[in-house]
Amino acid sequence: MPATITDIFRYPVKSMKGHSLSSAILTKKGIPGDRAWALKDEERGGIKGGKRFPQLLSMTPVFISEPDEQNISPTVSITLQDGRVVSSADPGVHAALSKAVGSTVSLWPILPEDQLEHYLRPPMDENVNVEAYYREIFARNPEEPLPDISLFPEDVLKYESPPGSYFDAFPILVMSKASLIHLNAIAAAAGGASKFDVRRFRPNILLDIDAIGFPENQWMGRRAKIGSAVIKFEIPCPRCVITTHGFDDLPKDPKIMRHLVKENGGNLGAYASIEKPGSFAQGDVIELMD
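Pasting the structure below:
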């Protein structure tokens, strides 16, 4: 079934707002400039995003120049929620971001993948209830199932992100408009005000496909041609508490997760890896190869 690319999104700083692209390159590590910067939690340790600091969702980053092989994390200008602008090149950027999120943080470019200590997850306190910890992260009620963590790459269990990157698990997230339309119809029929807006779910690629329900679910393990590149759909994307946070004109809405769990096990969209680098653009048709 044909699936046409309608939107391409890139997020210069992990968990901050993204912007649209008309075309993009795909490398083994995704779209150049996607999650090129991230915050490090100087109090608890580790690279952190919107799960820890939801204020990031209201910040707008803009690259001063395009990333290239020599500079994968170019200078970025960040407009904070209160309208102030700070640059990654400004020595005061760490203090400004710390004040904005209410905790001591620092802003980091992508470091080489051999800098393993930078990417390590901090050790979990031995007194922490592990199940409660994951239920908080994935916004799951006691009676709801948790995601199958074993599906994630082994690196993600040890590191906050795959070393040499700041994406969560896989370099590309693909979603369909059909899934959003389906969920909005269900929410409306239930008489609620939940709005399944694409901004809550932060895909890299949004597809238009003539289908009902969750067409991405049928693609796991399959390869697809996208422009001159080839991707492989790896696992469904298990959604976390970020999708329920309020920002801009979107209110805080825990019911987002209730609908996701009931209708699709808490998943939305497909994580993909890149088997063959290449380029693609809006209007391209994704062709399943197997």
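Take the sequence shown: its position 184, counted from the start at 1, is 365 in the working numbering, and no numbers get skipped.
Ideal Cβ positions, reconstructed from N, Cα and C, are used throughout, including at glycine.
The model shown is predicted, which means the values in this text are computed figures rather than measured ones.
Contacts around residue i, its chain only, beta-carbon distance under 6 Å, and the 5 residues preceding and following it disregarded
i, result
"Lys195", "Arg216, Ala219, Gly230, Tyr347"
"Lys210", "Ser346, Pro352"
"Thr208", "Pro458"
"Pro235", "His426"
"Pro343", "Asp336"
Sequence-distant residues of the same chain with beta carbon closer than 8 Å to residue i, five excluded per side
i, result
"Met470", "Arg403, Arg404, Ala405, Lys406, Val411"
"Val466", "Pro183, Ala184, Thr185, Ile186"
Of the listed residues the options, nearest to residue i (C-alpha basis)
i, options, result
"Asp430", "Ser269, Ser375, Val282", "Ser375"
"Ser204", "Ala453, Leu387, Arg233, Ser331", "Leu387"
"Val257", "Ile390, Gly283, Val243", "Val243"
"Tyr192", "Cys418, Glu444, Gly447, Glu247", "Glu247"
"Ser460", "Ser201, Gly199, Pro213", "Pro213"
"Val286", "Leu297, Val274, Val309, Pro293", "Val274"
Three-way DSSP call (helix, strand, coil) for residue i in this model
i, result
"Glu223", "coil"
"Ile228", "strand"
"Ile212", "coil"
"Arg404", "strand"
"Ala462", "strand"
"His200", "strand"
"Lys457", "strand"
Residue burial classification, residue i (beta-carbon count within 10 angstroms, cutoff 16)
i, result
"Glu468", "exposed"
"Glu335", "exposed"
"Ile291", "buried"
"Arg265", "exposed"
"Arg383", "buried"
7 Å CB neighbourhood of residue i in its chain, flanking five on each side removed
i, result
"Ala453", "Phe351, Ile353, Val355, Ile412, Lys413, Phe414, Glu415"
"Leu332", "Ile416"
"Val379", "Leu361, Leu387"
Only counting runs of 4 or more residues, tell me where the alpha helix (DSSP H) segments fall wholly within the segment 282–357, in order along the chain. Whole alpha helix (DSSP H) segments, 4+ residues: 297–300, 311–318, 335–339.
I'd like the ranges of any alpha helix (DSSP H) spanning at least 4 consecutive residues and lying wholly in the segment 244–282. The DSSP assignment places 274–282 as complete runs of the alpha helix (DSSP H) inside the segment 244–282, in order along the chain (cut-off: 4 residues).
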